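Asker: Quick note: my numbering has the sequence shown finishing at residue 1211, numbered continuously throughout. Positions of the beta carbon are idealized from the N, C-alpha and C atoms, including for glycine. Source: prediction; values computed, not measured.
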Amino acid sequence: MFVQVQAQNSAEDALNSLREVVTEIVSRTEETAGVDELADMLYRLANSPVAINSATSEEIERLFWLSDFQVQNIRKYILEHGPLATKYELTYIQGISEEDAKLLGPFLSFETRKHDDAIRLSRLTDGHNRLIMRSYSILEKQKGYLTPEVLTASNHFTGTPSSLYMRYAYDYENRILVGVTGEKDAGEEFFSGKNKNGFDFYSFHLQVNRFKFIKTLVLGDYRVNYGQGLAVWSGFSFGKTPSIMSSMQRSRGISAYQSADENNFFRGAAMTLNFKPFEISAWVSRHRVDANVTALDSATNTAKEVSSLQTSGLHASPGDIADEDALRCDVLGENISFIKPNLHIGTTAIYHRYSGFINPESLPYNLYYFRGESNYNLSFDYRYRIRNVIIFGEEAACRNGGMALLNGFQAQVNTRFGISLINRYYQQKYQAMFGNAFGENSRISNESGMFVGVELKPLKYVTLSGYIDLFRFPWLAYGIDMPSDGHELMVQLGVIPSSRFQISFQYRNKKKNGNFSEEGAAKNSIINTTSDRIRCQTTYTVTNNLIWRNRLEFSNYYSEGMGNSRGFYTGQELEFSMRKLPLKVYLHYGLFDTDDYNARIYAYESDLLYTFNIPALSGKGSREFMMIKYAPTKNIDLWIKYSASIYAGQNTVGSGLYEIAGNKKSEVRAQLLFKF
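1) Taking the C-alpha atoms as reference points, what is the distance between Met536 and Pro618?
2) Can you tell me which residues form a DSSP beta bridge with Arg863?
3) According to DSSP, which residues form a beta bridge with Val1203?
4) I'd like to know whether the C-beta atoms of Ala802 and Arg863 end up nearer to each other than 8 angstroms.
5) What separation, rounded to the nearest whole angstrom, lies between the Cα atoms of Phe873 and Tyr1145?
6) Considering only residues of the same chain and omitting the five flanking positions on each side of Asn935, which have a CB-CB separation below 6 angstroms?
7) Could you have a look at Asn1133 and say whether DSSP puts it in helix, strand or coil?
8) Could you give the C-beta distance for Ile613 and Asn588, rounded to a whole number, given that I count them as a contact under 8 angstroms?
9) With three or more beta-carbon pairs closer than 8 angstroms as the criterion, would you say the stretch 722-734 touches the stretch 755-775?
10) On the DSSP bridge list, what partners appear for Glu594?
11) Just to check my reading of the structure: Ile673 and Lys1199 have Cβ atoms closer than 8 angstroms, yes? What is that Cβ distance to the nearest angstrom?
12) What residue range does the alpha helix (DSSP H) around Gly854 cover?
13) Report the three-state DSSP secondary structure of His691 (helix, strand or coil).
14) Could you tell me the distance, in whole angstroms, from the CA atom of Gly770 to the CA atom of Ser1066?
15) Given 8 angstroms as the limit, is there contact between the stretch 595-605 and the stretch 773-782, that is, 3 or more CB pairs closer than that?
16) By a C-beta neighbour count over all protein chains shown, 10 Å radius and 16 as the cutoff for buried, is Ala542 buried or exposed?
17) Rounded to whole angstroms, what is the Cα-Cα separation between Leu712 and Ala861?
18) Within this structure, are the beta carbons of Ser1094 and Asp1130 separated by less than 8 angstroms?
19) My output table needs one value for Ala581: the three-state DSSP class, helix, strand or coil.
20) Pull the bridge partners of Val715 from the DSSP assignment, please.
21) Spell out the partners DSSP gives Met968 in its beta bridges.
22) Name the residue from Lys611, Ser1052, Thr1105 and Glu797 whose alpha carbon lies nearest to the alpha carbon of Arg1070.
23) Start and end of the alpha helix (DSSP H) containing His616?
24) Asn981 and Tyr903 look like a contact to me (Cβ under 8 angstroms); what is the Cβ gap, rounded to whole Å?
25) Is the Cβ-Cβ distance between Gly728 and Pro696 less than 8 angstroms?
26) Let me know if Ser1080 comes out buried or exposed under the rule of 16 or more other beta-carbons within 10 Å of its beta-carbon.
27) Distance, Cα to Cα, Leu1173 vs Gly928?
28) Any heavy atom of the ligand COA inside 7 angstroms of the beta-carbon of Ser1178?
29) Rounded to a whole number of angstroms, what is the C-alpha to C-alpha distance between Gln945 and Ile925?
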């Protein structure tokens, strides 16, 4: 049990260590749906640590934040020097720093295990069981919860204001995984109305790994990740973050779906067969998706035509409920991969059909959007390593002949210098409903670009990383009425002078084009917009029981014709562990002042275990929270968090059905974790 507790504490540390990556992803996508998968992956690692001394390269890749070079160097070191005894020996491996070793340690097992395909029923009771129950509520009443008489019969929230979440998970040595998830968002009905069976969303999976020639078998809900994401990639990917050497995606194949995000997953059955050096995967899926219905079939009262798919997962208002499960989506897919230690070649094919016709409103910018009922994608991907250089890429095509190409290389020249380069070309007419590839936009279409990132370690405790990304959109895009281009520049300096103190500085500059509407003008004019952000963050371990974190950030947004809007944020956070009580306390206070939403600042803050909270702060005011973690026994953890945002000079907070009368928005979150 000591190992299990240590693993959980490390999961908390890992979430904090990844805060920069998470903040970058959320600020780019403006949602936490993708990064929730990070928490799920850490959750599984905490339960089933990697047996590092007998692990294959693929098993080491479960430590997803490691670069491909770090993975290969760990494997090479063990083969040449024998088993590792402790995490401290990791620092002898090229590319593994003391900070890396500290983070990796509790996710590793140093015992040597023999690979055994047999699954013994008598040992299934040795698996880990976890039950998580979570609740979240906004204390002030939002406009949508006023009685329908005050609003209208179709413009209100139908359910209760609490968000509820439940997940049970069983994990036997990462060989057998079973999970059930239930979730209700705020405003959704619970054991009433349309949700008479309780939660608005349910998810289930059963996964079996390494059973004879079956590498992976999943029944229920699952993810599929292949190549660089041009054809199919469910959920999280690093993209453009300070983790330069993680810009290349590593295929994770088929895996169980454990998130509460109501999109980006498949439902049915999936399997990967291992016939070395070949792996053959196939999957079949059928589930319903939300959509804006524009025409009904009078005979069946089902959607005949929709204008767009809905991905919020919210079913709180009558309008949301009307869009729920509007279309059925059927998917067939396969992947064949040839895998050698330094070579990976794969082909992927995926076909999907909707039960209705998707027909977006015809506008110039969406001329090349998908219209129809069915589509398919075919792709070829490769990854080849020669010494300290990796070349990789994927080439894909869709039903209408549109193509998407991504190619790149990474080189770890020595322990002090690494470089990553990615070139992409996505034609306007390329359409991939299930792709998620590297790029400036979330849609894999109408984009070309060149990304160059470098990572330097001029001194033992100093890391300097940065990238420049030049991109171009050959056709119109949403909010831009002509072809456009831009660039993004990021530089980050990290210094760890001692094991107790860390400091990082980051500067980011982005320039893009946008529309500008002048009063009386017949059409929009195109202007340049520039965004600059400067961030400084420190972490100081004052004592073994007290950690102090400080964050300072400035933003400046410039738009031709509109001028500058500026933003400022400073936040202090204390993490204190009691000596004689199983209690940990988090205290946070921050101040923010931004001219408008363009200058908003995303501020990562500690949250309940396996969750993320990164509020977008705009306006003027303060952000504060207090959180406690109490572990009365080794099998129970209780988390309670109170947070509040107070806005100066405002009479309301939020808009639409989410509007609050007053200048304060406060929240209570609670989580109970049982381990058995």
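Answerer: Here's the rundown:
1) With a pLDDT of 29 at Met536, under the threshold of 50, the modelled position of that residue is not reliable, and no figure is offered here.
2) Answer is Arg823, bridged to Arg863.
3) DSSP lists Ser672 and Tyr1177 as partners of Val1203.
4) According to the sequence provided, residue 802 is Arg. The question's Ala does not apply to it. Contact flag unset, no.
5) Roughly 35 angstroms separates the two Cα atoms.
6) So the qualifying residues of the chain are Lys964.
7) It is helical.
8) About 6 angstroms separates the CB atoms of Ile613 and Asn588; that is less than 8 angstroms, so the two are in contact.
9) Taking a contact to require three or more Cβ pairs closer than 8 angstroms, the stretch 722-734 and the stretch 755-775 do not qualify as touching.
10) BP columns for Glu594 are empty, so no partner.
11) The pair is not a contact, with the Cβ atoms about 10 angstroms apart (cut-off 8 angstroms).
12) That run of the alpha helix (DSSP H) goes Pro853 to Asp858.
13) His691 falls in the coil class under three-state DSSP.
14) So the two alpha carbons sit approximately 27 angstroms from each other.
15) At 8 angstroms Cβ cutoff, the stretches touch.
16) Residue placement at Ala542 cannot be trusted, given a pLDDT of 40 that sits under 50; what the coordinates show is reported in the next sentence. Taking a 10 Å sphere around the C-beta of Ala542, we find 16 or more other C-beta atoms and assign the residue as buried.
17) Roughly 31 angstroms between the two C-alpha positions.
18) Between Ser1094 and Asp1130, the gap from beta carbon to beta carbon reaches 8 angstroms or more.
19) Note: Ala581 maps to helix in three-state DSSP.
20) The partner list for Val715 (beta bridge, DSSP) reads Tyr703 and Phe739.
21) None, per the DSSP bridge assignment.
22) Out of Lys611, Ser1052, Thr1105 and Glu797, Thr1105 has the C-alpha closest to the C-alpha of Arg1070.
23) Residues Asp603 to His616.
24) Their Cβ separation, rounded to whole angstroms, is 7 angstroms, which keeps Asn981 and Tyr903 in contact under 8 angstroms.
25) Not a contact, by the Cβ cut-off of 8 angstroms.
26) Residue identity differs from the one stated: residue 1080 is Asn in this sequence, not Ser. With a 10 Å radius around the Cβ and a threshold of 16 neighbouring Cβ atoms, Asn1080 comes out exposed.
27) Cα to Cα, Leu1173 sits roughly 45 angstroms from Gly928.
28) Within the structure as shown, the ligand COA is missing, as the structure has no ligands at all.
29) Between Gln945 and Ile925, the C-alpha separation is close to 5 angstroms.
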